[in-house]
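Peer 1:
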Amino acid sequence: MTITENPERDERAARQKEIADQLKASGALNEIFAKMDAGQPLTGDDGLLGGIVKAALERGLETELT
Numbered sequence: 003m004t005i006t007e008n009p010e011r012d013e014r015a016a017r018q019k020e021i022a023d024q025l026k027a028s029g030a031l032n033e034i035f036a037k038m039d040a041g042q043p044l045t046g047d048d049g050l051l052g053g054i055v056k057a058a059l060e061r062g063l064e065t066e067l068t
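In the working numbering, the protein residues as written are 3 to 68.
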């Protein structure tokens, strides 16, 4: 199996890591991490990821409508 280089993917991954590092450093993710540590699932009907995506989409839609 050959692993091919993909500079675009590598650049995107580096940007994503930088954003995640900034969010962690700012404390913006502390509440989410606390919920994960308390056992709340990431996926599924009560998952954190679904709630985060829903909130982001609703906020974007609200911005578009104003």
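Think of the CB as a built atom: it goes at the ideal place given N, C-alpha and C, for glycine as much as any other residue.
Please read all numbers here as calculations on a predicted model, not as lab measurements.
State the start and end residues of the unbroken alpha helix (DSSP H) segment that holds E64.
Peer 2: Here the alpha helix (DSSP H) through E64 covers 50-67.
Peer 1: If I follow the unbroken alpha helix (DSSP H) through D12, where does it start and stop?
Peer 2: From DSSP, the alpha helix (DSSP H) with D12 extends over 9-28.
Peer 1: Roughly how many angstroms separate the alpha carbons of D39 and D23, rounded to a whole number?
Peer 2: The alpha-carbon atoms of D39 and D23 are separated by roughly 19 Å.
Peer 1: Rounded to the nearest angstrom, how far is the Cβ of L51 from that of L59, given a contact under 8 Å?
Peer 2: Not quite, the Cβ-Cβ distance comes to about 12 Å (not below 8 Å), so this is no contact.
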